[in-house]
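J.: Mind having a look at this structure? Questions to follow.
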Amino acid sequence: MSGSDQQDGSAPSAGRDTRSPSPGVKRAAPETDRDVEMDLAPTEKESQPDKMDTTGTEDDDSTANDISGSDNVYPTPSSMSIYTASSATRAHSKAQPSERPSYDDQVAKVTCFMMQPLKERQKGYIVSMAWLKRVLSRSSTHADKTDKTAAEGEVGPVDNSDLVLVTDPAIASFKDEKGEPFVPLRPGLQMSEDFEVVPQEGWDLIMQWYGLADQSPAIVRYAHDTSVGGDSENIQYEINPPIFTILKLSSQSAGTTPQSLKEKNMKPVRTLASRHSNFQKWLKEAKTLANIDMSTKVRVWRILGGLGSATASAAMTPAASRSASPAPAASIVANAGSNLVIDLNTFLSLSEGAQRELFEDAKDQTANPNYNGRMTLDIAGLGGSDVVVLEERIPGGEWVSEASKHTLNRLGVPSGSLKNGVSSKLKNKSPTASGRSSPVPEPVRGRRKDGKPRGCTGLSNLGNTCYMNSALQCVRSVEELTYYFLNDVYKKDLNPSNPLAHNGDVAKAYANLLRMIYDEAGQSSFAPRQLKHTIGRYGPAFSGYGQQDSQEFLLFLLDGLQEDLNRILKKPYIEKPDSTDEMVHNKAALAEFADKCWDIYKARNDSVITDLFAGMYKSTLVCPACDKVSIIFDPFNNLTLQLPIENLWGKEVFYFGLHKKPVRFDVEIDKNSSVKSLKELVAKKQGTDPERLIMVEIFKRKFYRMFDNTSSIAECQISGNDEIAFFEVESVPTNYNPDKPQKSYFSFNRSDQEEIPSIDSPKADRILVPIFNRVERSKSKRDLFGVPSYIVVTREEAYDFDAIYGKVLVGAATMTTRDFLNEEVLGEDQQDATQEDSDTVVMNDDDAKSADSKIKTSSVDGEDGMVDVSMRDVDSASQTGAARSEGSIPARFRDLFELKIMKGNEPVPLGWSSVEDNKEYPKMSFRIKTKPVTPPEESEETSDHTDSKTAESGSASGSDADNSVDVPRTPAPVARVQIRPLVRPGEGIVVDWNEQVYDALFGGSKKDRDPIRGLPTWLDVERVNDPELNKRRQLRQTRKKRGVTLEECLDEFNKEEILSENDAWYCPRCKEHRRASKKFQLWRTPDILVMHLKRFSASRGFRDKLDVLVDFPVEGLDMSGRVEAPEEGKSLVYDLFAVDNHYGGLGGGHYTAYAKNFFTGQWNEYNGKFNQPTHKNSMMTDMSRLECLTTY
7 MSGSDQQDGS APSAGRDTRS PSPGVKRAAP ETDRDVEMDL APTEKESQPD
57 KMDTTGTEDD DSTANDISGS DNVYPTPSSM SIYTASSATR AHSKAQPSER
107 PSYDDQVAKV TCFMMQPLKE RQKGYIVSMA WLKRVLSRSS THADKTDKTA
157 AEGEVGPVDN SDLVLVTDPA IASFKDEKGE PFVPLRPGLQ MSEDFEVVPQ
207 EGWDLIMQWY GLADQSPAIV RYAHDTSVGG DSENIQYEIN PPIFTILKLS
257 SQSAGTTPQS LKEKNMKPVR TLASRHSNFQ KWLKEAKTLA NIDMSTKVRV
307 WRILGGLGSA TASAAMTPAA SRSASPAPAA SIVANAGSNL VIDLNTFLSL
357 SEGAQRELFE DAKDQTANPN YNGRMTLDIA GLGGSDVVVL EERIPGGEWV
407 SEASKHTLNR LGVPSGSLKN GVSSKLKNKS PTASGRSSPV PEPVRGRRKD
457 GKPRGCTGLS NLGNTCYMNS ALQCVRSVEE LTYYFLNDVY KKDLNPSNPL
507 AHNGDVAKAY ANLLRMIYDE AGQSSFAPRQ LKHTIGRYGP AFSGYGQQDS
557 QEFLLFLLDG LQEDLNRILK KPYIEKPDST DEMVHNKAAL AEFADKCWDI
607 YKARNDSVIT DLFAGMYKST LVCPACDKVS IIFDPFNNLT LQLPIENLWG
657 KEVFYFGLHK KPVRFDVEID KNSSVKSLKE LVAKKQGTDP ERLIMVEIFK
707 RKFYRMFDNT SSIAECQISG NDEIAFFEVE SVPTNYNPDK PQKSYFSFNR
757 SDQEEIPSID SPKADRILVP IFNRVERSKS KRDLFGVPSY IVVTREEAYD
807 FDAIYGKVLV GAATMTTRDF LNEEVLGEDQ QDATQEDSDT VVMNDDDAKS
857 ADSKIKTSSV DGEDGMVDVS MRDVDSASQT GAARSEGSIP ARFRDLFELK
907 IMKGNEPVPL GWSSVEDNKE YPKMSFRIKT KPVTPPEESE ETSDHTDSKT
957 AESGSASGSD ADNSVDVPRT PAPVARVQIR PLVRPGEGIV VDWNEQVYDA
1007 LFGGSKKDRD PIRGLPTWLD VERVNDPELN KRRQLRQTRK KRGVTLEECL
1057 DEFNKEEILS ENDAWYCPRC KEHRRASKKF QLWRTPDILV MHLKRFSASR
1107 GFRDKLDVLV DFPVEGLDMS GRVEAPEEGK SLVYDLFAVD NHYGGLGGGH
1157 YTAYAKNFFT GQWNEYNGKF NQPTHKNSMM TDMSRLECLT TY
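Reminder that position 19 of the sequence shown reads as 25 in this note's numbering, one-by-one numbering, no gaps.
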């Protein structure tokens, strides 16, 4: 066991996603067709979406405030000094270390402010997680959730330089919405992983304690309500406000003027704005920057993808996802050309819908002083860093592009393809291609005007919204549901009065989406903004622009459509029945019970969604104690299938048996098993009691964390380089409760800490005490070595120095190959083992000169106040014998090491942040304070006199009066008792070894063959092989290469499982929670069967993904043998028509979709705005290792 510094395991960040005041804070991103969610290198610049003040126009007389021209928002890297705080700010933020509270108090105080609900326009400061972890790693509440290396070195002042996108000082002059300098962030950063946002009050405290690093900026952001209408608020920090590049399409009606000539040489202007800025205010500012008179009406266009192909060279896929995802490249900044005024022919050559998009609802009201509209940029659809064209209206009412188009048409010159704005109704009564019963007639088949089949339309990503687009491509491929909306049948089913509905808005937004997708004059792609805003309004988790789970979005969408279109106007309350013992084995009674459950469901839920997607499964629970059987029937619209692969955790662990040399061996257990189960497995291997095992992680010769029984292995997030050890102790400790309730994963609350019990508490009956080893090179230099360990000290032993010393000594014997405890020493009986016996603590002259401030003069600052210390010329190893058991420790062992006391903040301290190499700790011997056991009539004066005489006579433990011939004899020694504990709960022991002893016991080498010097046992740990485990691993690896089939996944669904301790079922007969057996069976299946292949496993803050080949059929999935009660006359053979896939791993990835066009029968791949035909064979190859939502 190395105990070295080469550890790499990381723990979850302290603040993951994760606090309630800002439940859905997501990283906004530019509108691209590939989600950018991985960390990028600092040189991979990308436009930053999210208000704020502005810039000016750029011309020959441009100032430093003008931002223009370049294709990059931040074109030139340079010194960080442009963003560093002013001297006044730094003076205000000067740290005051003397006033700095403990790390736990720091975390608690700042987190208290972070947990407060956000307010509109609240100011927050971004703090680098790299710096924040340096503080969290030193707190007892978060040390186990941070990277171990974060605790190394000093904390230092706040340093945000790792977050900043460095830019040219000459052009980095954007101002935020409050007029403060705007500091752009590097692309790909994620909240709670790379940074946290701290409110003003918390920031002020941090500045008071630590200050700001010289080259670090103060990064400010503001909170805004992202909900669109409605009563609920969803306030989030706007991390990346959008930066708009503004062009103008000018009217030439006035002819050539000095102003128009000047504008021809001007570069595009850019402005920073909050998504939540008022649209009219932003437009007024944009018109000012573009030199457009307020009386001139404009309309706003977005150039999709920029002008021309100049952006191709700037396109890139995030480095972290290139190998895992086939996503199209993400353009860093769209090309806006080099001129403020866009050429008319260039503008007309852009295809409307595909290359340029008009914001029809965003009308220019800047010249109307009475207009008080509240539309924001976000509602208008301007949420990304876009290239925007302001098209002027010429006198007479026509727009520039329309007037020019009419002129070109008269001359016979074709212009760009323009959207006619007319949606052709889809009307036909032919049967559906699927053969399933359809609630509405089928529309006319046909092609779009661009020649592509109708429905082959891409959906552009709005930030990281590929999760939404891929799910939408699957749902809209449901033929019957699509006809239902396109023929407006849904309107008669709208139920806005349903209290669980969304006022019909979700259904209306989805209907509008389908019209745009299937419009004959539709475009090749568009961004589904209206649906996105509608979903975000009612589902705050989807209101941002960050990545979400596609399955969760699909379920939210189906549920929203179900409630908006529910034909039940007033849902009745019907109590759900439970099965009886009589019907359990009566098939007819069970079928009647199932029909009743289905009727109850349909009495409250009756819509096109239940018609197409709703099925029902049977769940059977059996109590292992009384055999009570409980059967329930539940509806489903999504069938989640576990992969039949053992989700195992395997690792080599170290085992330190009681009074034995350490060994190491492999263990393997289900990832979702508890730590308690792992202890039971280890105990079985070693033939011991699991109650006496302590599971810990060791790092840098200290304990890094202890593992509680209630945690699952997955939650522990143990990495490959972590050194996991099991210590067997002599009895079950009372000050350590491994079964205590789990702390909240993201809790910053100090109340989660266990209270340290007092020595008189029952919890101090058997104290678990950690032991840390150091070698004393000199009085001022010490080094930690070896591995830490544990001893259990009873309450009585806590008052007995020799008892504690002896336990440490026996434990030390397992650390060396030298059997020093059993070595024979000649003349031991004649050794002088004279010990001091006094109720005062002694020091020698060297101690008086020690660097330890606690041992300098005549007192030591201990936990009980000032302890008197007398100067005596005795060595530290031979003092304070009164608290020792008579003759229990041979004299030759008393000089091996010295015991010292360290304190922690927990009942069992880890030592991770409190034990250091050269730190001075008070000696345990300083706590020895005894009193004689004398009859009550004896005076205190006599006792003191006797005590002094006894000490001088050498009557300490292990001494012999006959050997003290040179010392005047005194009356028989008086029995003495220690009056205060030598070690308490919440404390540990630091063992400082003599350097010569260290060399003798641990300084040997295999090469030396020196029989006298011992070898350290922790460096060459014996390995115990497990042949059965090796065989199981080989079989599992073979199966993984072969892969699994969908049939095997369905078999896994029907398998019986035993509930875990955390999911125990309350048996109504036993009146206790039991680990019952549970089994699922399909009772009836729907017309549209949605299957979710669950590759991700999640447990609190931990997620894992199974990478195994899954083979599933495209046609002919026969479910007839798997459904308990099939409907008469209904076929149970399903054909695949849509797949929603996830590429990548835990840190991120990308969603795409494969869907079959029911017009043509052709499979298409949908990847953001891109779509292309594909063959089912290549589709199967691509999807074999993906997380899939398959739709049959």
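Note that CB positions come from ideal geometry on N, CA and C, so glycine has one too. All values derive from a computational prediction rather than experimental measurement.
1) Report the rounded CA-to-CA distance for D806 versus A818, giving the unit in angstroms.
2) Measuring straight from C-alpha to C-alpha, what distance separates T463 and G1167?
3) Kindly indicate the opening and closing residues of the alpha helix (DSSP H) around R140.
4) Whole angstroms are fine: how far does the CA of A533 sit from the CA of Q361?
5) Return helix, strand or coil for Y1149, following the three-state DSSP convention.
6) Kindly provide the ranges of any beta strand (DSSP E) runs that are 3 or more residues long and lie completely inside the segment 709 to 744, ordered along the chain.
7) Any heavy atom of the ligand HEM closer than 7 angstroms to the CB of D499?
8) Note down the Cα distance separating V133 from L169, rounded to an integer number of angstroms.
9) Taking Cβ positions, are A517 and T540 nearer each other than 8 angstroms?
10) Taking buried to mean at least 16 other C-beta atoms within 10 Å of its own C-beta, is D953 buried or exposed?
11) Out of curiosity, what's the CA-to-CA distance linking Y496 and L571?
12) Buried or exposed: where does C632 fall if 16 or more other Cβ atoms within 10 Å of its Cβ makes it buried?
13) On a Cα-Cα basis, can you pick out the residue from V681, G693 and T694 that is closest to E703?
14) If you draw a straight line from the alpha carbon of K769 to that of F1008, how long is it in whole angstroms?
15) How would you write the range of the beta strand (DSSP E) that D789 sits in, first residue to last?
16) For the segment 1063 to 1074 against the segment 1028 to 1042, are there 3 or more C-beta pairs whose distance is under 8 angstroms?
17) Inspect the beta-carbon positions of I348 and L253 and report whether they are closer than 8 angstroms.
18) Counting Cβ pairs closer than 8 angstroms, one from the segment 612 to 628 and one from the segment 1078 to 1086, do we hit at least three?
19) What residue from R399, T800 and V996 has the CA that sits closest to I777's CA?
20) Would you kindly work out how many angstroms separate the C-alpha atoms of E105 and W215, rounded to a whole number?
21) Indicate whether L211 and K369 have their beta-carbon atoms separated by less than 8 angstroms.
22) Measure the Cβ-Cβ separation of A157 and S179 and say whether it is below 8 angstroms.
23) How is the beta strand (DSSP E) around V799 delimited, first residue to last?
24) According to DSSP, simplified to helix, strand and coil, what is L1123?
25) List the endpoints of the continuous alpha helix (DSSP H) containing D570.
26) Indicate the three-state DSSP secondary structure (helix, strand or coil) for T4 in the structure shown.
27) Would you decide whether G1135 is buried or exposed? Buried here means 16 or more other CB atoms lie within 10 Å of its CB.
28) Going by alpha carbons, who is nearest to S725 out of G1155, F733, F705 and L356?
29) Indicate the three-state DSSP secondary structure (helix, strand or coil) for P1224 in the structure shown.
30) What does the alpha-carbon distance come out to for the pair D1223 and Y489?
31) Looking at P609: is its Cβ nearer than 8 angstroms to the Cβ of I638?
32) DSSP puts T646 in a beta bridge; with which residues?
33) What's the gap between the Cα of W405 and the Cα of E363?
34) Where do the ends of the beta strand (DSSP E) carrying C629 lie?
35) Pull the bridge partners of K935 from the DSSP assignment, please.
36) From R780 to V1116, what does the alpha carbon distance come to, in whole angstroms?
T.: On the basis of the supplied data:
1) What you label residue 806 is simply residue 800 of the sequence shown in a count that begins at 1. What you label residue 818 is simply residue 812 of the sequence shown in a count that begins at 1. Linking D806 to A818 through their CA atoms gives a straight-line distance of about 19 angstroms.
2) If you number the sequence shown from 1, residue 463 lands on position 457. If you number the sequence shown from 1, residue 1167 lands on position 1161. Taking the straight line from one Cα to the other gives about 15 angstroms.
3) Within the sequence shown, residue 140 is the residue found at index 134, counting from 1. M135 to L142 is the extent of the alpha helix (DSSP H) around R140.
4) Against the sequence shown, residue 361 aligns to sequence position 355. Against the sequence shown, residue 533 aligns to sequence position 527. C-alpha separation (whole angstroms): 12 angstroms.
5) For the purposes of this step, residue 1149 is identified with residue 1143 of the sequence shown, where counting begins at 1. In this structure, Y1149 counts as strand in the three-state DSSP scheme.
6) 729 to 734
7) Judged by which ligands are present, the structure shown has none, so any question about the ligand HEM falls away.
8) Translated into the one-based positions of the sequence shown, residue 133 becomes position 127. Translated into the one-based positions of the sequence shown, residue 169 becomes position 163. Looking at the two C-alpha atoms, the distance is approximately 9 angstroms.
9) Counting from 1 along the sequence shown, the entry for residue 517 is found at position 511. Counting from 1 along the sequence shown, the entry for residue 540 is found at position 534. Note that the C-beta distance between A517 and T540 is not below 8 angstroms.
10) In the sequence shown, the residue the question calls residue 953 occupies position 947. Reliability fails at D953, whose pLDDT of 46 lies under 50, so the model's placement of it is uncertain and the value that follows must be treated cautiously. Buried.
11) The residue given as residue 496 occupies position 490 in the sequence shown. The residue given as residue 571 occupies position 565 in the sequence shown. If I take the Cα positions, the gap works out to 7 angstroms.
12) The residue you call residue 632 lines up with position 626 of the sequence shown. It is exposed - the Cβ of C632 has fewer than 16 other Cβ atoms within 10 Å.
13) Position 697 of the sequence shown holds residue 703. Looking at the Cα atoms, V681 is the closest of the given residues.
14) By 1-based counting over the sequence shown, the position of residue 769 is 763. By 1-based counting over the sequence shown, the position of residue 1008 is 1002. Taking the straight line from one Cα to the other gives about 36 angstroms.
15) Translated into the one-based positions of the sequence shown, residue 789 becomes position 783. That run of the beta strand (DSSP E) goes R788 to L790.
16) no
17) In the sequence shown, the residue the question calls residue 348 occupies position 342. In the sequence shown, the residue the question calls residue 253 occupies position 247. Yes. Within cutoff.
18) yes
19) Position 771 of the sequence shown, counted from the first residue, corresponds to residue 777. Measuring from the Cα of I777, the nearest candidate turns out to be V996.
20) Reading the sequence shown from its first residue, position 99 is the one you call residue 105. Reading the sequence shown from its first residue, position 209 is the one you call residue 215. Distance between the alpha carbons of E105 and W215: 7 angstroms.
21) Residue mapping note: residue 211 aligns to position 205 of the sequence shown, counting from 1. Residue mapping note: residue 369 aligns to position 363 of the sequence shown, counting from 1. The answer is no: Cβ separation not under 8 angstroms.
22) Indexing the sequence shown from 1 puts residue 157 at position 151. Indexing the sequence shown from 1 puts residue 179 at position 173. Result no, Cβ atoms of A157 and S179 do not sit closer than 8 angstroms.
23) Counted from its first residue, the sequence shown places residue 799 at position 793. Its beta strand (DSSP E) spans residues S795 to T800.
24) The residue labelled residue 1123 in the question sits at position 1117 within the sequence shown. Correct three-state label for L1123: strand.
25) Against the sequence shown, residue 570 aligns to sequence position 564. Start and end: S556 to D570.
26) Given a span of 7 to 1198 for the chain in the structure shown, any question on residue 4 remains unanswerable.
27) If you number the sequence shown from 1, residue 1135 lands on position 1129. G1135 is exposed by the Cβ-count criterion.
28) As a first step, residue 725 must be located in the sequence shown, where it is residue number 719. For the residues G1155, F733, F705 and L356, the minimum Cα distance to S725 belongs to F705.
29) The chain is shown from 7 up to 1198; residue 1224 falls before or after that span and cannot be answered.
30) No answer is possible for residue 1223: it lies beyond the span of the chain, which begins at 7 and ends at 1198.
31) Mapped onto the sequence shown, residue 609 falls at position 603. Mapped onto the sequence shown, residue 638 falls at position 632. Looking at the sequence provided, one finds Ala at residue 609 rather than Pro. For A609 and I638, no; Cβs fall outside 8 angstroms.
32) Start at 1 with the first residue of the sequence shown, and residue 646 comes out as number 640. Partner(s): H1098.
33) As a first step, residue 405 must be located in the sequence shown, where it is residue number 399. As a first step, residue 363 must be located in the sequence shown, where it is residue number 357. In a straight line, the C-alpha of W405 is about 15 angstroms away from that of E363.
34) Residue numbering aside, residue 629 sits at position 623 when the sequence shown is read from its first letter. C629 -> no beta strand (DSSP E), and no H or E assigned at all.
35) On the sequence shown, residue 935 is found 929 positions in, with the first residue counted as 1. Paired residues: none, contrary to the question.
36) What you label residue 780 is simply residue 774 of the sequence shown in a count that begins at 1. What you label residue 1116 is simply residue 1110 of the sequence shown in a count that begins at 1. Roughly 54 angstroms between the two C-alpha positions.
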